[in-house]
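Just add 14 to the spot in the sequence shown (first one is 1) and you have the working numbering.
This report concerns only the one structure given below.
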Amino acid sequence: MSREQYKLFSTGRIGKLNLPNRLIRSATWDPSILHHGKMTEEILAVYHKVAAGGVGLIFSGGLPVCNDETLASGSGYAGLRIKGIEKLVPTVHKAGTGCKIIAQLEPGNLNKGPSEIRSPYQKEKIPALITDEIQTVIRCFVEGIISIQADGFDGVQLHAAHGGLLSSFLSPYTNHRTDEFGGTIKKRAAVLQRIVEQARKIVGDFPILIKLNATDNLQGGIDIENFPALAKQMERVGFDAIEVSGGMWDCLIQSEEELGFPPVPAPESHTQINRPEKQSYYLQYVRELKLNIPVILVGGNRDVERLEAILQEEPVDFIALCRPLISEPDLPKRWLEGRGGTSTDCISCNACIYEMYMHPGQDAPGLVRCVYKEDRERYHEAKKWLKTWVDQVKVSTDG
Ligand SMILES: Cc1cc2nc3c(=O)[nH]c(=O)nc-3n(C[C@H](O)[C@H](O)[C@H](O)COP(=O)(O)O)c2cc1C
Numbered sequence: 015m016s017r018e019q020y021k022l023f024s025t026g027r028i029g030k031l032n033l034p035n036r037l038i039r040s041a042t043w044d045p046s047i048l049h050h051g052k053m054t055e056e057i058l059a060v061y062h063k064v065a066a067g068g069v070g071l072i073f074s075g076g077l078p079v080c081n082d083e084t085l086a087s088g089s090g091y092a093g094l095r096i097k098g099i100e101k102l103v104p105t106v107h108k109a110g111t112g113c114k115i116i117a118q119l120e121p122g123n124l125n126k127g128p129s130e131i132r133s134p135y136q137k138e139k140i141p142a143l144i145t146d147e148i149q150t151v152i153r154c155f156v157e158g159i160i161s162i163q164a165d166g167f168d169g170v171q172l173h174a175a176h177g178g179l180l181s182s183f184l185s186p187y188t189n190h191r192t193d194e195f196g197g198t199i200k201k202r203a204a205v206l207q208r209i210v211e212q213a214r215k216i217v218g219d220f221p222i223l224i225k226l227n228a229t230d231n232l233q234g235g236i237d238i239e240n241f242p243a244l245a246k247q248m249e250r251v252g253f254d255a256i257e258v259s260g261g262m263w264d265c266l267i268q269s270e271e272e273l274g275f276p277p278v279p280a281p282e283s284h285t286q287i288n289r290p291e292k293q294s295y296y297l298q299y300v301r302e303l304k305l306n307i308p309v310i311l312v313g314g315n316r317d318v319e320r321l322e323a324i325l326q327e328e329p330v331d332f333i334a335l336c337r338p339l340i341s342e343p344d345l346p347k348r349w350l351e352g353r354g355g356t357s358t359d360c361i362s363c364n365a366c367i368y369e370m371y372m373h374p375g376q377d378a379p380g381l382v383r384c385v386y387k388e389d390r391e392r393y394h395e396a397k398k399w400l401k402t403w404v405d406q407v408k409v410s411t412d413g
């Protein structure tokens, strides 16, 4: 069968949004615009390249809706909005490939959680949010969604994965509240429910998606047993699609044997995807899902033939990729046209994460790029950093 007939390259739909194919660029942080608070030509060029490369939909890098200061002052999303963020929309649409763009909203830097707990990773006690602060967080997300619609985006995705605030509310590992925001699955999802309910009154059927963990990789957290009910609750809350990811930063204090994958920054971006069975590492978690909304699978998706088989045989509607599109922005086109091998060039080394953390003002332009391909000296520097990072986590845990 020619690849043009693959399900991977067939049209798809999320809510009212028509998409040209089933390949999605998963959210990839943009440190330079976050650092400067404004859009740059370099970032626009990155998005244009990815859109022109044939992906059907792009999730923007996470955009914060609040932080410790805005929470303390009670001010809303407006102060954190990236100036010129709306320029992303025509940049992507003008690529001429039918690619759409959805903005990802994340809670931002908040040193508070649903419950007071000592994080073994951060090694400090995280204080619990009081009810008024939770209302402020909800308001910030609602304002964020309204603003993203006004900016012309094709939809919005709420980042409730990887241990951030929304993720911490969903997880029984971090959420020990006994009020209306903790306890049952419904109550743990109440913050999300209120955000969606309040936003829908203004934005109507604007697509609202969620990225969430299928596993926290932590005992007492979200896992393969309790995830299907949580996913069903996301459908009830009114999300238009779920993107299935995993991992919380706290999990990284465990050994490779305990985790089943090497502990590296970040918990959702596994390394050493060197055998076919290591690919698509969250697939096992979606097999029991029975949802009426699309399921997007992210994490270690690497081989076009394997991905086509997943779409044909499993309850998965879309495939999301992050690191492979940093390495090869035109990967969807390459796969469609049958150029090169069936697998991506990406070696999943996570050197791109080093580039992400070396913010502007430190020693990098803040552009996430594939240094393995583009700058071998920098790649070796990144490898050293990754190793030191792992050793430090181990040392401090032992201490
Ligand atoms: C450089 C980099 C930046 C990322 N930024 C975000 C982000 O802003 N929001 C998010 O939800 N996930 C983010 N992720 C996680 C990815 O979206 C994705 O879930 C993960 O890398 C696994 O997919 P992959 O194997 O295709 O890379 C980031 C990952 C990398 C490597």
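Beta carbons: idealized from backbone N, C-alpha and C, even for Gly.
Handout entry: DSSP three-state assignment for Asp474, whether helix, strand or coil
Key = Residue 474 is absent from the structure shown; the chain starts at 15 and stops at 413.
Problem - Under the three-state DSSP convention, the category Glu395 falls into - result: Helix, per DSSP.
Practice task
For Asn315, verify whether its CB is less than 8 Å away from any heavy atom of ligand 1.
Solution key: Within the cutoff, so yes.
Practice task
Could you spell out where the beta strand (DSSP E) holding Ile310 opens and where it closes?
Solution key: DSSP places Ile310 in the uninterrupted beta strand (DSSP E) bounded by 309-311.
Problem - Beta-carbon proximity check, Ile99 vs Phe73, cutoff 9 Å - result: No, these two residues do not count as a Cβ contact at 9 Å.
Problem - Gly158 in three-state terms, based on DSSP - result: Three-state result, Gly158: helix.
Handout entry: Check: His394 C-beta below 8 Å from any heavy atom of ligand 2
Key = Absence of ligand 2 is noted for the structure shown, with ligand 1 being the only ligands found.
Practice task
Work out the CA separation of Thr188 and Asn315 for me, nearest whole Å.
Solution key: One alpha carbon belongs to Asn315, the other to Thr188, and they sit about 29 Å apart.
Practice task
Indicate, with yes or no, if ligand 1 has a heavy atom lying under 8 Å from the CB of Ala280.
Solution key: Distance from the C-beta of Ala280 to the nearest heavy atom of ligand 1 is below 8 Å.
Handout entry: Contact set for His190: own chain, Cβ-Cβ below 6 Å, skip 5 residues either direction
Key = So the qualifying residues of the chain are Ser129.
Practice task
Determine the DSSP secondary structure at Leu289, reduced to helix, strand or coil.
Solution key: One point to set straight first is that residue 289 is Arg, not Leu, in the sequence displayed. Assigned with DSSP and collapsed to three states, Arg289 falls in coil, not helix or strand.
Exercise for the section: Would you list, in sequence order, the uninterrupted alpha helix (DSSP H) runs of no fewer than 4 residues that lie entirely inside the region 142-187? Expected result: Positions of the alpha helix (DSSP H) runs, each at least 4 residues long and wholly inside the region 142-187, are given as 145-164, 179-184 in order along the chain.
Handout entry: Residue nearest to Cys366 in terms of C-alpha spacing, selected from Gly354, Ser357, Thr358, Lys387
Key = When each option's Cα is compared against that of Cys366, the closest is Lys387.
Practice task
With DSSP as the reference, label Ser46 as helix, strand or coil.
Solution key: Correct three-state label for Ser46: helix.
Practice task
State buried or exposed for Thr111, treating a residue as buried only when at least 16 other CB atoms are found within 10 Å of its CB.
Solution key: Burial is judged here by how many other beta carbons sit within 10 angstroms of a residue's own beta carbon; Thr111 has at least 16 and is buried.
Practice task
Work out the CA separation of Ala228 and Met248 for me, nearest whole Å.
Solution key: Taking the straight line joining both Cα atoms gives about 12 Å.
Practice task
Find out if the Cβ-Cβ distance for the pair Tyr135, Trp263 is shorter than 9 Å.
Solution key: Yes; because the gap between Cβ atoms is below 9 Å, this pair is in contact.
Handout entry: Continuous alpha helix (DSSP H) stretch holding Ile57: start and end
Key = Counting along the chain, the alpha helix (DSSP H) containing Ile57 begins and ends at 55-66.
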